[in-house]
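Numbering (this note's numbering), first residue to last: 11 to 419.
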DNA sequence: CTTCCACAGGAAGGTCTGGCGG
DNA sequence: CCGCCAGACCTTCCTGTGGAAG
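Written out as structure tokens, the structure is:
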């Protein structure tokens, strides 16, 4: 059987799939011309060997913050090479690199060329790492622009404090910082000194509206897909759906790409609205499935406890929402069944908040007056969560064999 | 108006792991 | 090998609180 032969003969709808991926940065960013110019003006002094102002950039996800910064950054490096002013442009995502130590370590390692001088990711005292970083930068004698994406994910403001006053410790090199955040309230909690230093320049990226999203999609679709494969209403629909979710361009591009992939798999000649809706559903379920699978054991037990309580409520025709106390009781029972020591209620409270932030459950704080203050807990997609948990081997003792399938007890 | 429930969630500290230099 | 370090993950102890009931 020529499995791949058959698949390969199937006509692809794509010219270049990459163009629709979130990591792709096009050379032209529609509706961000003003932001690009503004940022370029701020960076300009770097080309004269001077230190650009620090910048703080706000904006929700998918508003083009990262794309604009990376685009302007790469143009800056290019121009720097031409004019013989070498510039270090360091991009760090603080969601991945989220502590003082790792931040310094990461910056230093991006500046180091040789493998063996690299700084280990644990073991050294933090100030030692800082000293080494200083040495490295002073040796290079360059202007370095350090981009801290998702800066609000950074734990503690010590790291920002260190970086923002680093210029005082450097004799030959210069540092300027670009902070990117989608949390508008982020600076409120910062040390005032850091706040004023980081906020020398401020930029706000507003969400795209449906029309702007359409322009973006059209531009990308032209490069990514073969001509004529999109039904007329597909792009407006993707744009409208994404606009509903606070104008997230990343979401819009994902929708279009996945819709096209689904259509291709069906061997369809054209991408239609139906594919887009299917894509949206798929994105939601994939997200939940991915997160639930990788959850630590106690969070899984907790989810199972919520699932089971909800089912019980449903069969009794009662109100679906649960409280922390109820969930905790069921959770403790389940732990007993598995002969596992349950976590404290305090800890479980934190786990519940985490699940809420991940979008697996909704947990709103409500007051029931005389009957206390608690969280109102609900699963966001019980069918999908149940499907994942039923196939989880670590929860086996809590599941029951019935016919061919594992069922919840 | 006050009371008081059932927690929320802050602070501080303990334990364990992986990985470093010496 | 040891001693040290940062960070993940928990516990203990604690103070704070929205709003129905009294």
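Ideal Cβ placement from N, Cα and C applies to all residues, glycine included.
*Leaving out five residues before and five after residue 414 in sequence, what residues of the same chain have Cβ atoms less than 7 Å from its Cβ?*
Residue placement at residue 414 cannot be trusted, given a pLDDT of 44 that sits under 50; the coordinates are not used to answer.
*Compute the minimum distance between the beta carbon of residue 40 and the heavy atoms of the ligand FAD, and state whether it is under 7 Å.*
Looking for the ligand FAD in the displayed structure turns up nothing, as the structure carries no ligands at all.
*Measure the C-alpha to C-alpha separation of residue 180 and residue 59 and round it to an integer number of angstroms.*
14 Å
*Classify residue 290 as helix, strand or coil using the three-state DSSP reduction.*
The answer is helix: DSSP assigns residue 290 an H, G or I state.
_If distances are taken between C-alpha atoms only, which option among 320, 343, 119 comes closest to residue 393?_
Closest option to residue 393, judged by alpha-carbon separation, among 320, 343, 119: 320.
*Does DSSP put residue 76 in a helix, a strand or coil?*
helix
*What does a CB cutoff of less than 8 Å around residue 151 pick up in its chain, not counting 5 residues either side in sequence?*
182, 183
_Those residues which DSSP pairs with residue 189 across a bridge_ = DSSP lists 66, 158 as partners of residue 189.
*C-alpha gap between residue 270 and residue 173, whole angstroms*: Distance between the alpha carbons of residue 270 and residue 173: 44 Å.
*Rounded to whole angstroms, how far is the Cβ of residue 100 from the Cβ of residue 120, which I believe are closer than 8 Å?*
5 Å
*asked:* Using DSSP's beta-bridge definition, name the partner residues of residue 101.
replied: 157.
_Distance, residue 12 Cα to residue 69 Cα_ = 50 Å
*CB residue 227 to CB residue 249, shorter than 8 Å?*
yes
*Could you say if the stretch 83–98 and the stretch 200–215 meet the contact criterion of at least three C-beta pairs nearer than 8 Å?*
No contact exists between the stretch 83–98 and the stretch 200–215.
*Given 8 Å as the limit, is there contact between the stretch 209–223 and the stretch 237–254, that is, 3 or more CB pairs closer than that?*
Short answer: they touch.
*For the beta strand (DSSP E) containing residue 373, list its first residue and its last residue.*
371–377
*Start and end of the alpha helix (DSSP H) containing residue 362?*
355–367
*Which ranges does the alpha helix (DSSP H) cover as unbroken runs of at least 4 residues, wholly within the stretch 307–334, from first to last along the chain?*
Correct list: 307–325.
_If I follow the unbroken alpha helix (DSSP H) through residue 397, where does it start and stop?_
392–400
*Where do the N-terminal and C-terminal ends of the alpha helix (DSSP H) with residue 52 fall, by residue?*
43–53
*To which residues does DSSP link residue 212 through a beta bridge?*
66
*asked:* Only counting the same chain, and skipping five residues up and downstream in sequence, which positions put a Cβ closer than 7 Å to that of residue 372?
replied: Hits under 7 Å: 366, 388, 390.
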